[in-house]
Every structure is written in structure tokens, then in C-alpha cells.
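Residue numbers (the UniProt record's numbering): 1 to 241.
Ideal Cβ placement from N, Cα and C applies to all residues, glycine included.
Nothing here was measured: the structure is a model prediction, and the numbers come from that model.
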Amino acid sequence: MNIIKLSATNSTNDYLKTLAAERYVEHLTLVVAEHQLNGRGQRGAQWYAEPGKNLTFSILIKDLLLDINEIFYLNAAVAVSITDTLAHYLSDISIKWPNDILAGNYKIGGILIENSIKNNGEIVSVAGIGLNVNQHNFEGLPKATSMAVVAGHDFDKETIMLAIADNLKRNIAALMHNGSNALWEKYHDKLYRKGIPMPFEKEGQKFMGIIQEVSRTGNLKVTLEDDTTALFGLKEVRLLY
Ligand code: BTN
Numbered sequence: 001m002n003i004i005k006l007s008a009t010n011s012t013n014d015y016l017k018t019l020a021a022e023r024y025v026e027h028l029t030l031v032v033a034e035h036q037l038n039g040r041g042q043r044g045a046q047w048y049a050e051p052g053k054n055l056t057f058s059i060l061i062k063d064l065l066l067d068i069n070e071i072f073y074l075n076a077a078v079a080v081s082i083t084d085t086l087a088h089y090l091s092d093i094s095i096k097w098p099n100d101i102l103a104g105n106y107k108i109g110g111i112l113i114e115n116s117i118k119n120n121g122e123i124v125s126v127a128g129i130g131l132n133v134n135q136h137n138f139e140g141l142p143k144a145t146s147m148a149v150v151a152g153h154d155f156d157k158e159t160i161m162l163a164i165a166d167n168l169k170r171n172i173a174a175l176m177h178n179g180s181n182a183l184w185e186k187y188h189d190k191l192y193r194k195g196i197p198m199p200f201e202k203e204g205q206k207f208m209g210i211i212q213e214v215s216r217t218g219n220l221k222v223t224l225e226d227d228t229t230a231l232f233g234l235k236e237v238r239l240l241y
């Protein structure tokens with residue numbers, strides 16, 4: 001695995017995307033930065049990580065034999081690779097759809113996957129991972145936590161990062177060679193609040209629903225109070241917790 005270590009960059013996703021546009025970059029190349037000046041999160045949000053304390057890295061994924069409408073498998077593979085890793089150290093780790101990583105009810109990590117399709121139809125993806133490892137101060141961030149806060153001691157960041165990257169390599173290979181069923185089962189095993197009545201919000205409206213499953217294209221299947229089933233798209237609905 002090719003690893004590029006940076007002391008600072010705007011965003012490891014942006015760095016890797018630019019690099020891959022400029023020259024040949026091999027599958028599973030990883031870029032990690034001690035400090036991101038402009039870390040990006042989902043829905044246009046900023047991703048803030050105390051410099052030097054946490055993991056902020058991106059992995060280039062190429063040559064996936066997936067169709068663009070199967071691309072959510074990659075989100076699932078990344079999320080499961082993180083939960084597989086964290087489950088060695090912490091309990092109650094889950095995936096909040098679509099791809100937040102939680103410890104208990106607190107967010108410990110997030111994933112930002114950016115895909116592009118080349119002229120020949122090849123999909124090139126940059127999977128960005130932000131994982132709170134050794135940050136202790138979450139003032140102003142009441143829903144966030146870190147591995148160190150949960151476990152009561154600091155961790156070696158590189159060990160965690162390499163374990164996630166190894167798991168991702170294994171999960172992608174399994175997806176390509178054995179199909180998606182095992183991955184799908186693992187994703188659902190770790191799915192936060194599955195089968196439990198929960199509040200949701202859509203376009204400012206709050207409602208109760210029960211998560212049934214995630215469809216293979218990444219939509220959330222929810223049973224509503226009137227017993228009908230709704231399918232929500234990736235940015236359509238928010239699970240309130
Ligand atoms: C989220 O939960 O909103 C997703 C956060 C993703 C953050 C990571 S940190 C490494 C990579 N570079 C970025 O700019 N963002 C992702």
C-alpha cells in the first residue's frame with residue numbers, strides 16, 4: 001500500500017483527487033494529514049479535528065467492478081472496515097445511516113466518499129475518513145467523542161489507520177470475489193437504531209419511524225406510524241438522536 005504522509009493540507013480528499021487527476025495513482029493509495037485546514041464533511045459541513053490528535057485520511061479506490069448504481073456498496077465496505085477495527089477496542093460501535101460511525105450515541109467518525117466516472121466508464125472513488133482518536137476536548141460539540149474519551153487512554157493512530165486500510169482491502173476483495181451478501185449482513189448488524197421507533201426530520205417536519213433496512217442502492221427503508229413504508233434517499237431525511 002502506497003502511503004503519503006502530510007503534516008498539513010486543506011483536505012486529504014482534495015489532495016488525493018488532484019493527485020489522481022494529475023498522474024497515475026495506484027489503487028488503495030492512502031493520504032494522511034496531521035492537520036487539515038479545510039476538512040470537509042457531509043452536506044457541505046466542515047470537518048474539524050484538533051491538529052495531531054485524530055485521524056484524517058483518504059484512500060483511492062479504483063478498478064471496482066461495480067456499476068454506479070451499486071456504489072453504495074463502497075460506503076458500506078468503508079463503514080464496516082471502520083467498525084470492524086473499532087470493535088477490537090471499544091464496545092457499542094455502530095453505523096448511523098448513511099455512514100456516520102458512533103460510539104454509543106456519540107459520533108466518533110465520519111466518511112466522505114467522492115466518486116467520479118471517467119470517459120471509459122471506470123469509477124474512481126476517494127474515500128475520506130475522519131476518526132476521532134486522541135482528542136479529549138469536545139467543547140461546543142456535545143454529540144462528539146473519541147476513542148480516547150471512551151476508552152480512558154490514548155491510542156496509536158497509525159496502528160488504527162493501517163488496520164482500517166487492511167480491513168478495507170479485505171472487504172473490497174471479498175465484495176468483488178464473493179458478492180455483497182456478507183458485507184450487507186455486517187452493515188445491517190451494525191446499523192444504529194434498526195427496528196427501534198426513532199424521530200426523523202425531513203424538510204423541517206418531524207415524524208416517528210422504525211428503520212427496517214437499507215436498500216442496496218443506499219436508501220433507508222422506514223416504517224411510518226400509519227404502518228406504511230417509505231424509502232428515503234441519501235440527503236432526504238435525517239435521523240434525530
Ligand atoms: C462527515 O461525517 O460529515 C464526514 C466527515 C469526513 C471527514 C474526512 S477527514 C479526511 C477526509 N478529508 C476531508 O476533507 N474530509 C474527509
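The C-beta of Asn134 has 16 or more other C-beta atoms within 10 Å across all chains shown, which makes the residue buried. Here the C-alpha atom of Ala49 lies approximately 11 Å from the C-alpha atom of Ala144.
Here the C-alpha atom of Asn69 lies approximately 12 Å from the C-alpha atom of Ile117. When DSSP states are grouped into helix, strand and coil, Phe72 belongs to the helix group. For Asn137, the secondary structure class from DSSP, reduced to helix, strand or coil, is coil. Under the DSSP assignment, Met1 falls outside any alpha helix (DSSP H); it carries neither an H nor an E label. Annotation for His188: the continuous alpha helix (DSSP H) segment containing it runs Asn181 to Asp189. When distances are taken from the beta-carbon of Gln135 to the heavy atoms of the ligand BTN, even the shortest one reaches 6 Å or more. Here Asp14 is buried: its Cβ has 16 or more other Cβ atoms, across all protein chains shown, within 10 Å. Bounds of the beta strand (DSSP E) holding Thr56 are Leu55 to Ile61.
Check the Cα spacing between Met198 and each of Ile164, Ala182 and Val237: the tightest is with Val237. Setting aside the 5 residues that flank it on each side, Ala103 is surrounded in the same chain by Leu90, Asp92, Ile93, Thr145 and Val150, each with a C-beta closer than 7 Å to its C-beta; the list follows chain order. DSSP, reduced to helix, strand and coil, places Thr159 within a helical segment of the structure shown.
Within the DSSP secondary-structure output, Ile172 pairs in no beta bridge. Secondary structure of Glu236 (DSSP, three-state): coil. Val32 and Asp226 have their C-alpha atoms spaced approximately 47 Å apart. Under the criterion of beta carbons closer than 8 Å, Ala127 and Ser58 qualify as touching, at roughly 6 Å. Boundaries of the alpha helix (DSSP H) harbouring Val150: Met147 to Ala151, taken from the DSSP string.
Pairing Leu65 with Met176 gives a Cβ-Cβ distance under 7 Å. Leaving aside the five residues that flank Ala174 on each side, the residues in its chain whose CB is nearer than 8 Å to its CB run, in chain order, Ala182 and Leu183.
Your pair Thr217 and Thr223 does not check out as a contact, with CB atoms roughly 19 Å apart and the cut at 8 Å.
In its chain, beyond the 5 residues on either side, Leu168, Asn171, Ile172, Leu175 and Leu183 have a beta carbon closer than 8 Å to the beta carbon of Ala77.
Per DSSP, reduced to three states, the secondary structure at Ser94 is strand. Secondary structure in the segment 5 to 51: the beta strand (DSSP E) runs of 3 residues or longer, each lying completely within the stretch, are 30 to 36 in chain order. In chain order, Leu66, Leu175, Ser180 and Leu183 place their CB closer than 7 Å to the CB of Tyr73, counting only its own chain and leaving out the 5 sequence neighbours on each side.
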